[in-house]
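Take the sequence shown: its letters are residues 9 to 159, numbered as in our numbering.
For every residue, glycine included, the Cβ atom is placed at its ideal position computed from N, Cα and C.
Remember, predicted model here, so these are calculated numbers, not experimental data.
This report concerns only the one structure given below.
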Amino acid sequence: MSGDRWKSDLEAFFSENQLKEDAKEKKAIEKKESAQKDVEEAAQFYQRVAKPAFEKISVELRKHGRHVQVNVTDTSAHIRVEYGGRDELNLAVRSRGRLVYTIERVTQDGKSRTREGFIDRAFGDTFENVSQDKLIEHTLSLFKDNARRLR
């Protein structure tokens with residue numbers, strides 16, 4: 009390269025690299041902010057949707073002699089229903105990103121197994137479309153199935 013063209017070529021090289029680095033950094037920041045937003049929305053979901061839903065279920069099942077434990081944190085919600093020394097329901101609600109899913113522990117014939125599932129596959133279970141009513145209906149459906157099986 010003749011004259012001072014090499015200087016402008018070198019400057020262009022560093023400018024291009026800086027643009028790439030800036031883009032990477034921006035993407036990393038956006039990803040971190042998005043993940044943080046998901047964490048905050050999850051905490052709100054568990055406190056505003058799952059906790060009241062499980063507490064409503066708990067009140068009603070206790071009227072029928074069930075021992076019910078509800079535990080809710082910023083990262084999950086759990087309900088366990090016992091009757092006659094047996095678990096009629098052992099269900100956790102969790103999330104991955106914005107997706108809400110359930111984990112149910114079932115004991116049958118002395119063997120314990122875990123089942124993962126969704127509340128309403130047709131709509132894609134996210135924080136926005138899993139309501140208290142939908143969670144209550146799903147939880148009670150699992151409870152009734154298990155209670156019938158244990159009789």
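- request: Can you tell me which of the three DSSP states Arg-74 falls into?
  value: coil
query: Whose C-beta lies closer than 6 Å to the C-beta of Arg-88 among residues of the same chain, with five residues either side of it excluded?
result: Gln-77, Asn-98
field: Residue range of the unbroken beta strand (DSSP E) whose run includes Asp-95
entry: 94-104
Close Cβ partners of Arg-74 (< 6 Å) along its chain, the five nearest in sequence each way excluded: Val-89, Tyr-91
message: Applying the 10 Å Cβ sphere with the 16-neighbour rule, what's the burial state of Thr-7?
response: In the structure displayed, the chain extends from 9 to 159; residue 7 sits before or after that span and is not available.
message: According to DSSP, simplified to helix, strand and coil, what is Glu-136?
response: coil
message: Can you give me the C-alpha to C-alpha distance between Ile-144 and Glu-136, rounded to a whole angstrom?
response: 16 Å
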